[in-house]
Every structure is written in C-alpha cells, then in structure tokens.
Amino acid sequence: MAKVKESLAKRAKKPTVEVRSNEVRSNETSSNEARSNEEKLSRKAARGSGRDGAIETAQGKLGVMIPGMGAVATTFVAGVDVVRKGLAHPIGSLTQMGTIRLGKRTEGRSPKIKEFVSLAGLDDLVFTGWDIFEDNMYEAARNAGVLERDLLDKVKQRLGTIQPMKAVFDHNYVKRIDGPNIKKGKNKLDLAEQLRQDIRDFKKSSGADRLITIWCASTETFIDPSAAHQSVKAIEKAMKENDETIAPSMIYAYASLMEGVPFANGAPNLTVDIPAMRELAHEREIPICGKDFKTGQTLMKTVLAPAFKARLLGLSGWYSTNILGNRDGEVLDDPGSFKTKEESKLGALEHILQPALYPELYGNIFHKVRINYYPPRGDNKEGWDNIDIFGWLGYPMQIKVDFLCRDSILAAPIVLDLVLFLDLAQRAPELRRLGIQEWLSFYFKSPMTAPGLYPEHDLFIQLMKLKNTLRHLKGEELITHLGLEYYD
Ligand SMILES: NC(=O)c1ccc[n+]([C@@H]2O[C@H](COP(=O)([O-])OP(=O)(O)OC[C@H]3O[C@@H](n4cnc5c(N)ncnc54)[C@H](O)[C@@H]3O)[C@@H](O)[C@H]2O)c1
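In structure tokens, the structure reads:
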C-alpha cells in the first residue's frame, strides 16, 4: 500500500489531464467561438491552473428574483425555509448534500461540494418574485397544493411577506391563464425599464449584495428565433416598436442582464437562447443558462438512453406520455405552449444516440411525447414510457417505466442549485466571461451551448462536466477515470 501511495505521489506531479476528453469535445461544425473557448479551457486544464485566488468568496446576502410564483417557485422558497429551520433535509440538492472526490482514490478526499467551493449559505438567501396573480407566496403555495398545510404553516411568517411584483405579461404567449397583477407601459422597452427599477428597488430594500433571476413562470407559446433576436441593437429597436416576437420572458432576461444579474431559464421558452442575449451576456460578462428543468421523464430518458448506447442495444421506438393536473399542465394544454415543451423534450434522444454514427441501431426511431392535462392528479404527475429496443441478431425487447413523481418536489432542489452555482459563476471571472454556463447542463432538458456545439445530454457526462469544472476552478486535478497508475 505504501508503495502504491509513493508511486501515486510521484505521478501527481506529472500532468495527468487528458485534454481532449469527452467533457469538452466539439463536433465538425463547431464555430470558431466555441472552439476558442474550448481551447482556452483545455490549455488551462492541461496546466492544472487553479483560479481560486480570482474567485470572490460569497459574502453578504444573495437576492433571488423569480418571475412566476407558482408551484415550483413556492416549493423551492418554502423548502429553503423548512431546511433552514432544521425540519427536513435538502434532498435532491447537489450543492447541499453532494460530495466531490479530489485526487486519487487512495487519498480519501471527498469533501462536500458546499465546503469545497464558496457558495452562498441558505441563511443568506432573500427572495422576491413577479406574478400575474396577487397572492403572496404563502397563498400561492397553498393554491399550488404541493406541500401540506401543516408544513407550510411552519414557514408562513416568511412566505406571507413575499408579495408578487406586477408582472410583464402577454396573453398571446400564455393562452390558458390571465390575471390582474400586470404592468402597463408605452412599449416593451418601457416595461423592461420598469423591471429594471424593480430590480434596483429590491436590491436596496433587501440589502442584497448580489442577485440572481430564475424564470419559473409558465411555458410560453412556441416561436422561432426572428430577425429581432439577432443582436442587442435589434432587440432594443424591436422592444421599442412593440414587436410581437419579443416574448415577456425576453423582457425579464434583458432587464436582468442590463442590471448585471445572471439569468437562468427553467422553462423551454427561447428567452436567453438567442444571439441578442448571448451577446449581452458575453459583453457584460454575466452568466446565463437554460432551458427547461430536467426533472421527471427526461431525467429517466437521459439515464436509460446512454445505457442502451453503451451496450450497443438498438432502439426502434420510445413512446412517452404524461398526465398532470397542476397549472403548468393546464398551460401546456394549449398547443402553442405544448409545442415549446415538445421540442425541448424531443431533443435529448437524438443527441445521446447519435444516429449518424450508429445508423443500424438508431437510424429509424419512432419517438413520441404526449402531455395530458388531468386535474385530479394535481402536481403528482405520472409519466409512462414504453421503450422498444432490440438486441443480438435484432431480437426485440420492451421496457416499461411508470414514474409516479412529484413535479415540483423534483424541480425545487434544481432551482436551489442553479441559484447557488450561477452566483458562484458570477464571482468566478473565468466562468462569467463565457456568458453561457454549459457546465450546468446537468439541470436542463435542452442545455444551452456555444453556437455550433451540440449539447451533452447524458446525465453522467453532465455530472462529470460539472464536477470537473469545480475541480478546475480550484486548481485540483481533473478526474479522467483512467486509473492505470494504481497498477504500477
Ligand atoms: N415542475 C417541473 O418539474 C418542471 C420541469 C421543467 C420545467 N418546468 C417549468 O417551470 C415553470 C413553472 O412550473 P410550475 O409548475 O411552477 O407552473 P405554475 O403554473 O404553477 O407557475 C407558473 C406561474 O407563472 C405565472 N406567470 C405566467 N406568466 C408570467 C409572467 N409573464 N410573469 C410572471 N409570472 C407569470 C403564473 O401566473 C403562475 O403562477 C413552467 O414553465 C414549467 O413548464 C417545470
């Protein structure tokens, strides 16, 4: 054993980082921008350069601003308070419960992530939000019906004080709901100015040192990127002219970035996934990420599909259907909003299975996704998957998955992690100047990447990418799982 340790210690001095790992690979069509970012990171990784000195530590309060105070937002905020009071564990949260292995397997170093990097503590979080309804967070949580009344009453004092600010809303983008708590303005740029004022006011009144915005509002109707989305100049002109292709979520994102506040998008809307927002984020060095929290069915899909590919099992069909009865389900009952969700859910399989590389296995897949609004279930969604696979000599087999999940219970810890990691990214010069935070792909159904780079959907590659990013930031050796040195 002593010999192994000695040999490992010697090797630790040599660069053992594999630069062209799966973590940062580009496809043939990668743009120059994507390639040069990748090369920069790889070169630094090869040097094993630690950036810890450059990361500011998390001091003071972190203000969390949430457009959409519905089921997900209230389950998150109530949950943080429940955990703060010591009434439950933050289950599902990597930042709170996850560990990170450092160095060789023989070193026995696996600190908690929150002890390894400087993250805001739960006691430092302060919250606000916008909604089209006037209910405060306690009332909204009661209406959402996710957490039991007994538990909610234990955190009523804090939740009851969070009153929604007036929302920027356009019924054409979310057809199934309407509410009274809506801003009026002479044009969309004026509405953005009002949101910017809200942000400044909250920062002052809450005493927050830093802010994060995370979109937890309804899924907007499907739109393709338009000319108005191509640059900051174009989007500002379009907002002034009330261009109909500027969605409310884009107005929040614009306001947030203009105020220097990182933005995460939990819904499948385009929002920050357009050139104008990428430009703003890049120029101002503000982290952005999205889209669409990866919670139930897609989480399972991005676990199972990599297993089929790893074993070279073929796939002929994947039929996914869901029933859910919360307000999100009602909104998704509208064909325009459903299409936005459908696009986001469909992408994962193709990217994981790479049919162009494996035409015999994945060249002819029938992939269908349905979501059915079924009020009796409330937030307790049921997702069924029927998967038709084939093995040796083409013999068919089937897998059935029936996931009786709780949508917002799965989403809340994702919101917490994204808030804390985006804040870390904002304090880390090396990350914030990238704009897009691809290392947070782990949390999204449809992860944002640099233009020309295909997204990584495999949950375990995403986790490795996330943890290696943290190791890299702290100057720790990246973990490649090569492990030959243990047998010297
Ligand atoms: N729960 C999950 O597992 C999950 C997973 C992935 C994505 N999402 C997405 O997260 C979002 C929130 O889900 P939810 O279950 O909390 O939905 P919800 O319907 O309970 O809450 C959404 C809230 O947003 C408000 N809203 C709508 N448009 C708004 C606007 N322009 N400005 C401010 N508020 C606005 C609504 O009034 C509502 O209160 C949805 O877009 C959903 O698709 C949820």
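Quick note: the sequence shown, position 84, residue 84 per my numbering, numbers continuous.
Glycine is no exception: its CB is placed at the ideal position from the N, C-alpha and C atoms.
Predicted, not measured: the structure shown is a model, and the values here were computed from it.
Between the CA atoms of residue j and residue i - distance to the nearest angstrom
i: R176; j: C289; result: 27 Å
i: R25; j: N242; result: Note that R25 scores a pLDDT of 33, beneath 50, so its modelled location is shaky and nothing firm can be said.
i: Q59; j: R284; result: 22 Å
i: C216; j: F308; result: 33 Å
i: R498; j: G483; result: Given that the chain is displayed from residue 1 to residue 488, the structure contains no residue 498 and the question cannot be resolved.
i: P306; j: Q398; result: 16 Å
i: N326; j: A264; result: 22 Å
i: I235; j: I371; result: 33 Å
i: M491; j: E342; result: The displayed coordinates of the chain run from 1 to 488. Any statement about residue 491 would go beyond what the structure contains.
i: I286; j: L393; result: 52 Å
i: G489; j: H229; result: Examination of residue 489 is not possible in this model, given that the chain is present from 1 through 488 alone.
i: T29; j: P447; result: For T29, the pLDDT reaches just 36, beneath the cut-off of 50, and the residue's location in the model is therefore unreliable, although a value from the coordinates is still provided. So the alpha carbons of these two residues sit roughly 18 Å apart.
i: Y319; j: L440; result: 27 Å
i: V401; j: V232; result: 44 Å
i: F403; j: K381; result: 8 Å
i: N32; j: Y454; result: Any reading at N32 must be qualified, since the residue scores a pLDDT of 46, below 50, and its modelled position is unreliable; no value is offered.
i: G363; j: E56; result: 48 Å
i: N386; j: K368; result: 10 Å
i: T95; j: F127; result: 19 Å
i: F169; j: H481; result: 49 Å
i: A54; j: P359; result: 47 Å
i: L246; j: P111; result: The sequence shown places Ile at residue 246, not Leu. Using only the alpha carbons, I get a separation of about 45 Å.
i: S205; j: G160; result: 17 Å
Exposure label - residue i; buried when at least 16 CB within 10 Å
i: K291; result: buried
i: G86; result: exposed
i: D488; result: exposed
i: I461; result: buried
i: P90; result: buried
i: T106; result: exposed
i: K203; result: buried
i: G391; result: exposed
i: K445; result: buried
i: P268; result: buried
i: L299; result: buried
i: V146; result: buried
i: R200; result: exposed
i: S36; result: Note that S36 has pLDDT 49, beneath the 50 cutoff, so the model's placement of it is unreliable and the number below is only indicative. It is exposed - the Cβ of S36 has fewer than 16 other Cβ atoms within 10 Å.
Cβ shell of residue i (< 7 Å), same chain only, five flanking positions each side left out
i: R278; result: G435, I436
i: G198; result: In the sequence under discussion, the amino acid at residue 198 is Asp, which differs from the Gly named in the question. Answer for D198: M165, listed in chain order.
i: H282; result: G435
i: E23; result: Because the pLDDT of E23 is 34, which lies under 50, any placement of that residue in the model is unreliable, and the question is left without a value.
i: G207; result: K61
i: Q194; result: K183, G185
DSSP-derived helix/strand/coil call for residue i
i: D334; result: coil
i: N468; result: helix
i: F169; result: coil
i: Q398; result: strand
i: P359; result: helix
i: G347; result: helix
i: G329; result: helix
i: G121; result: coil
i: T516; result: Residue 516 lies beyond the range of the chain shown here (1 to 488); nothing can be said about it.
i: Y454; result: coil
i: L484; result: helix
i: V369; result: strand
i: G145; result: coil
i: R284; result: helix
i: Y319; result: strand
i: K112; result: strand
i: D385; result: strand
i: Y245; result: In the sequence as presented, Tyr is not what sits at residue 245; that position holds Thr. If DSSP states are grouped into helix, strand and coil, T245 belongs with coil.
i: A54; result: helix
Same chain, Cβ closer than 6 Å to residue i, neighbours up to 5 away in sequence not counted
i: H457; result: T302, A348, H351, I352
i: I414; result: F293, Y443
i: A543; result: Only positions 1 to 488 of the chain appear in this structure, which leaves residue 543 out of reach.
i: T321; result: R370, W384
i: P225; result: I274
i: Y373; result: G329, E330, D333
i: L431; result: A425
i: S256; result: T213, F263
i: L191; result: V168, K183, G185, I251
i: G98; result: I113
Beta-carbon proximity list for residue i, same chain, < 8 Å, skipping 5 on both sides
i: R471; result: I100, L102, E477, L478, I479
i: R149; result: R142
i: P180; result: I132, F133, E134
i: R84; result: L122, D123
i: P376; result: G325
Any non-hydrogen atom of ligand 3 within 6 Å of residue i CB
i: F169; result: Only ligand 1 can be found as ligands here, which leaves ligand 3 out of the picture.
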